[in-house]
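The structure appears right after this line, and notes come after that.
Residue numbers (my numbering): 79 to 609.
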C-alpha cells in the first residue's frame, strides 16, 4: 500500500517539425522468490549431514569440522561439541569444559570430563551448517526512471530523434555473506574474535608463555605477543598460524562459529544501480518502397550486483545453487563492489532496412512482391572480472596452494587478487600460454586481505553481425497471400569472441577465449500462407 509509484509525461510541439518530450516515473520490481524458497531448508527444519570417516552416529549439532584440533574454541561455540574419535578433522573437548554454551559463550549444563567420558558425547564431526536468512528490514526494490528527448523532421518521411535516458535503482536485492570471516589485521575486527586466538595460542593466557604446537614464533615479532592481537595492526603475518604457511583457520575467524561460510547468506535490499544513456536515431518511414532505421547508443551502467538473487547463473560468475549470486568482494563494504554492470556496453550501433524491389510498373503477380531486408549490429563487449575460484584458496588452508597467484580469503569461491602491472600489460599475451589474452603474471595473491583489483575491470571483445532476408510475396486474392523467403544469419560468418576464462585457478585455460557468441552463418528457407 505504501509503494507510491507516480508517473508523468509531457510533450510540446514547437511547430509541425519539432517536438520536445520528457517523462519521469517510479517503478517497483517483482523479484524472484527463489532465494526465499531456500529458507525452508534451514536447520532444524531440514538438514543434510555429511560426516568424516570413520562413519558412525553423529549428533546433528556437531558442525565444526573446519576448526583446528589444536584450538580449544568450544567455549565460544553455540552448539554441542562431540569428543574426537581420532578421525581426521575431529574436535577434542578440553577436560572440565561445559559441553553446552549459549551464543555469548556462557556455560550451560554439566562439564565434560574427558578422562572418564562423563557428560561427553562421542562421535565424528559433521560439516558446518548451511543457512539462509532474510533481513527483517527488507524493502521492495524500485527504480527511478527519467528521459528527455527531441524529434525533428528533416524532410518528408525522414525523422531524427535524440534522447537522454537515466535510471537509478534503489533497495535492490543482494545476497551478502552473513558469516564472512574477519581479517586479524583490521582494527575494526571485534575483540572477541582476537580473544579466541589469544587464549588458544598463548599458554594459560600469558603473553610470555610458550606458543601452542602448530603456531610460529614470528607471530610474536619483536616482543609483540600473539596474546595481544587486538593491539596490533598492519601485520599481514597475523593471519598465519604456522611456519609452513597455514592460515589461521578461516572458519574460526567468522562471527558465528559452526555455520558454513559460502552457504550462510543474508538477503538484503542494499543494492543500487545507475544508468545514463544517450540514444540517437534516424528513421525513414516507408515511401517509394524503402524504409530504414539507424540507431546509436552511448551509455554506462553501474551497480553493486547485476543479478537478482535466485535467478539463473550467467557471465561466468560464481553462484550458489538455488539462491543466486553472492556479492563479489567484501560484504561489509558493498561500495567496493560498485562497478560496471555485467551487461554494460558503452557503444551500440544498429541499422535495419526493407527495400521493395521496383518492377517498372509491371502488374504480373509473379514479378511484383520481391523484397530484400537486412539488419546490422555492432556493440562493445561486456565487462568481466579476474578472480580465483579455488575453495582451498578462499577458505585459506595452505599458502603453498596458491601457486597461480589467486588471492582473497574472505569469499569462498571468489578471491580477489592484486594487479601488479598496467592495464595494457595485463591484456597482453600470457607467458605460459600463447593463446591467452590476459597475462597471468600481472596478478598476485592478496594474502590476508582483499586484493586491489576491482570488479569488472576488464572488457571483452566487440561483437558484430549482419543478417539478410530475401522474400517473394504473392497476392492470391484480397484475403489470401503466399510468401516464400530465404533468410541468412551472420552473412559474413563473423567470429564473435566470448569473454576469456578469467579464473586464475585454471592453470590451463586462464586468459584463453574458449567460446564464441552468436553462432556461425546459418541459412533457412521459409514459407508462409496468410488468410
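For glycine and all other residues, C-beta sits at the position ideal for the given N, C-alpha and C.
Closer than 6 angstroms by C-beta to residue i: which residues in its own chain qualify, once you throw out the five before and the five after it? Chain order, please.
{"i": "residue 231", "result": "95 and 237"}
{"i": "residue 212", "result": "345"}
{"i": "residue 605", "result": "562"}
{"i": "residue 228", "result": "98 and 240"}
{"i": "residue 532", "result": "417"}
{"i": "residue 81", "result": "106 and 218"}
{"i": "residue 550", "result": "447, 448 and 562"}
{"i": "residue 539", "result": "459 and 575"}
{"i": "residue 102", "result": "86 and 224"}
{"i": "residue 88", "result": "100"}
Could you check where the beta strand (DSSP E) with residue i kicks off and where it finishes?
{"i": "residue 239", "result": "236–255"}
{"i": "residue 95", "result": "Counting along the chain, residue 95 falls outside any beta strand (DSSP E), and DSSP gives it neither H nor E."}
{"i": "residue 420", "result": "Looking at the DSSP string, residue 420 is not in any beta strand (DSSP E), and its letter there is neither H nor E."}
{"i": "residue 604", "result": "600–608"}
{"i": "residue 543", "result": "541–553"}
{"i": "residue 441", "result": "Residue 441 -> no beta strand (DSSP E), and no H or E assigned at all."}
{"i": "residue 381", "result": "368–381"}
{"i": "residue 232", "result": "220–233"}
{"i": "residue 258", "result": "Looking at the DSSP string, residue 258 is not in any beta strand (DSSP E), and its letter there is neither H nor E."}
{"i": "residue 457", "result": "448–457"}
So what does DSSP say about residue i, is it helix, strand or coil?
{"i": "residue 571", "result": "coil"}
{"i": "residue 413", "result": "helix"}
{"i": "residue 111", "result": "coil"}
{"i": "residue 271", "result": "helix"}
{"i": "residue 591", "result": "coil"}
{"i": "residue 514", "result": "coil"}
{"i": "residue 565", "result": "strand"}
{"i": "residue 466", "result": "strand"}
{"i": "residue 519", "result": "helix"}
{"i": "residue 408", "result": "coil"}
{"i": "residue 586", "result": "coil"}
{"i": "residue 432", "result": "strand"}
{"i": "residue 342", "result": "strand"}
Whole angstroms is fine: what's the gap from residue i's alpha carbon to residue j's?
{"i": "residue 382", "j": "residue 374", "result": "26 angstroms"}
{"i": "residue 37", "j": "residue 216", "result": "An answer regarding residue 37 cannot be provided, because it is not within the stretch 79 to 609 covered by the chain."}
{"i": "residue 537", "j": "residue 420", "result": "10 angstroms"}
{"i": "residue 496", "j": "residue 584", "result": "17 angstroms"}
{"i": "residue 254", "j": "residue 463", "result": "18 angstroms"}
{"i": "residue 489", "j": "residue 252", "result": "With a pLDDT of only 34 at residue 489, under 50, the local geometry of the prediction cannot be trusted, and no value is derived from it."}
{"i": "residue 518", "j": "residue 385", "result": "28 angstroms"}
{"i": "residue 337", "j": "residue 271", "result": "15 angstroms"}
{"i": "residue 85", "j": "residue 97", "result": "20 angstroms"}
{"i": "residue 376", "j": "residue 503", "result": "27 angstroms"}
{"i": "residue 560", "j": "residue 442", "result": "15 angstroms"}
{"i": "residue 125", "j": "residue 460", "result": "A caution first: residue 125 carries a pLDDT of 48, below 50, which makes its placement in the model too unreliable to give a value."}
{"i": "residue 110", "j": "residue 219", "result": "11 angstroms"}
{"i": "residue 332", "j": "residue 250", "result": "26 angstroms"}
{"i": "residue 593", "j": "residue 100", "result": "42 angstroms"}
{"i": "residue 607", "j": "residue 555", "result": "12 angstroms"}
{"i": "residue 266", "j": "residue 259", "result": "12 angstroms"}
{"i": "residue 214", "j": "residue 246", "result": "24 angstroms"}
{"i": "residue 378", "j": "residue 422", "result": "6 angstroms"}
{"i": "residue 248", "j": "residue 359", "result": "30 angstroms"}
{"i": "residue 257", "j": "residue 362", "result": "58 angstroms"}
{"i": "residue 347", "j": "residue 412", "result": "12 angstroms"}
{"i": "residue 366", "j": "residue 235", "result": "10 angstroms"}
Apart from the five residues just before and just after residue i, which ones in its own chain have a Cβ nearer than 7 angstroms to its Cβ?
{"i": "residue 598", "result": "568 and 571"}
{"i": "residue 243", "result": "225, 355 and 357"}
{"i": "residue 609", "result": "557 and 558"}
{"i": "residue 596", "result": "541, 543, 568 and 574"}
{"i": "residue 425", "result": "376, 457 and 458"}
{"i": "residue 552", "result": "443, 447, 559 and 560"}
{"i": "residue 548", "result": "450, 563 and 564"}
{"i": "residue 120", "result": "209 and 210"}
Between residue i and the ligand SAH, is there a pair consisting of the residue's CB and a ligand heavy atom that are separated by less than 7 angstroms?
{"i": "residue 260", "result": "In the structure shown, the ligand SAH is absent, as is every other ligand, since no ligand is present at all."}
Just to confirm my understanding: we take residue i, look at its own chain, exclude 5 residues before and 5 after, and list those with CB closer than 8 angstroms. What are they?
{"i": "residue 437", "result": "445, 446 and 448"}
{"i": "residue 601", "result": "564, 565, 566 and 567"}
Distance cutoff 8 angstroms, beta carbons only. Does residue i sit that close to anything in chain C?
{"i": "residue 560", "result": "The structure shown contains no chain C; it holds only a single protein chain."}
Exercise. Counting pairs of Cβ atoms below 8 angstroms between the stretch 359–371 and the stretch 418–437, do you hit three or more?
Worked result: yes
For this session: Take every Cβ of the stretch 447–462, pair it with every Cβ of the stretch 540–552, and state whether three or more of those distances are shorter than 8 angstroms.
Result: yes
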